[in-house]
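Peer 1: The following block contains the structure, expressed as structure tokens.
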Amino acid sequence: MPSRTKTAMFGSAFFTCLCSFVVICVVLATQHWMSSEIRFLGTNSSATVSLTYGLFSGTCAQSVDAGLHLPTKTFQVADNLSNTSAKSMITAIIVILVLSLLSSLLSSGFTCTNAVSNPYQTFLGPIGVYTWNSLCGIFTLIAMILFPVTIEENSLSVELAQGCFAFLQTHVKSEHTYGYSYWIMLLIIFLNIASIIIIYFYDHARYSRKKEQERPIENAPKDVILF
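Residue numbering for the sequence shown is -29 to -1, 1 to 198, as defined by mature numbering (1 follows the signal peptide of the UniProt record, and there is no 0).
Quick look at the structure:
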């Protein structure tokens, strides 16, 4: 059976890993990654399209300068994108977040195993926890970088707006605001860092105790050691 200290430390790390897993599920499930206000210029009037969307779906609404407001529409991101590059980037972000989810799940399993037992395999110990938490944080960071790149490089919001309202003509300007579904990915990274720090302190304390136990033998007189 593991010591109380080990159970407490790995139990705390299990809690942070589990929180990370839940937050990744929230990121994938919610559609508040981006809110955009996009202005288009037509022949006789101009229109503003308001978009809120995530990786899978979103909503859009249009208002015309004359005061006309069209009903809010729900759309699927993949259906509104004709740009192959944009579709590929969105798919890549989803795959990366799924990998992050699996890494977080494995990290939770490793920390739970160490909290209730003493595994014989080295990789099932702190090394495994370091590895899976690091991968989870790296995958999440990559997703955070790729999404803004997709927005800017592929004019994602403009294309989604034109997919909602086909008669839109000349794009004038856009204003983008990243939503909570995007920003809470920072929490995932912080939770992974917290898990690594907790296990590092446990591992460092265990190593220090082991060295202290070896020191009396090293400092003992030779005749005592021979005896």
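Where is the CB? At the ideal position from N, CA and C, for every residue including glycine.
With DSSP run on the structure shown, which of helix, strand or coil describes GLN2?
Peer 2: coil
Peer 1: Based on the DSSP secondary-structure assignment, which residues constitute the bridge partners of residue 199?
Peer 2: Outside the modelled stretch of the chain, which goes from -29 to 198, sits residue 199, for which no answer is possible.
Peer 1: Per the contact definition of three or more C-beta pairs closer than 8 Å, is the segment 14 to 32 in contact with the segment 134 to 148?
Peer 2: yes
Peer 1: To which residues of the same chain is ILE61 closer than 7 Å at the C-beta, ignoring the five residues directly before and after it?
Peer 2: If we look at ILE61 and ignore the five residues flanking it on each side, its Cβ neighbours are LEU26, VAL48, THR121.
Peer 1: Taking DSSP as the reference, what is the three-state secondary structure of THR43?
Peer 2: coil
Peer 1: Apart from the five residues just before and just after ILE167, which ones in its own chain have a Cβ nearer than 8 Å to its Cβ?
Peer 2: VAL100, TYR101, ASN104, SER105
Peer 1: Let me know the alpha helix (DSSP H) ranges lying completely inside the segment 108 to 186, each 4 residues or longer, listed in chain order.
Peer 2: Assignment of alpha helix (DSSP H) within the segment 108 to 186, counting only whole runs of 4 or more residues, yields 127 to 135, 151 to 154 in chain order.
Peer 1: Please state whether the Cβ-Cβ distance between PHE(-9) and CYS83 is less than 9 Å.
Peer 2: no
Peer 1: Note down the Cα distance separating ASN163 from GLU123, rounded to an integer number of angstroms.
Peer 2: 29 Å
Peer 1: Return helix, strand or coil for residue 234, following the three-state DSSP convention.
Peer 2: Residue 234 lies beyond the range of the chain shown here (-29 to 198); nothing can be said about it.
Peer 1: Counting along the chain, where does the alpha helix (DSSP H) carrying VAL(-27) start and finish?
Peer 2: In the sequence as displayed, the identity of residue -27 is Ser instead of Val. Judged by DSSP secondary structure, SER(-27) falls outside any alpha helix (DSSP H); it is assigned neither H nor E.
Peer 1: Using only alpha-carbon positions, find the residue among TRP4, ARG10, SER17 that is nearest to THR30.
Peer 2: Comparing Cα positions, the closest option is TRP4.
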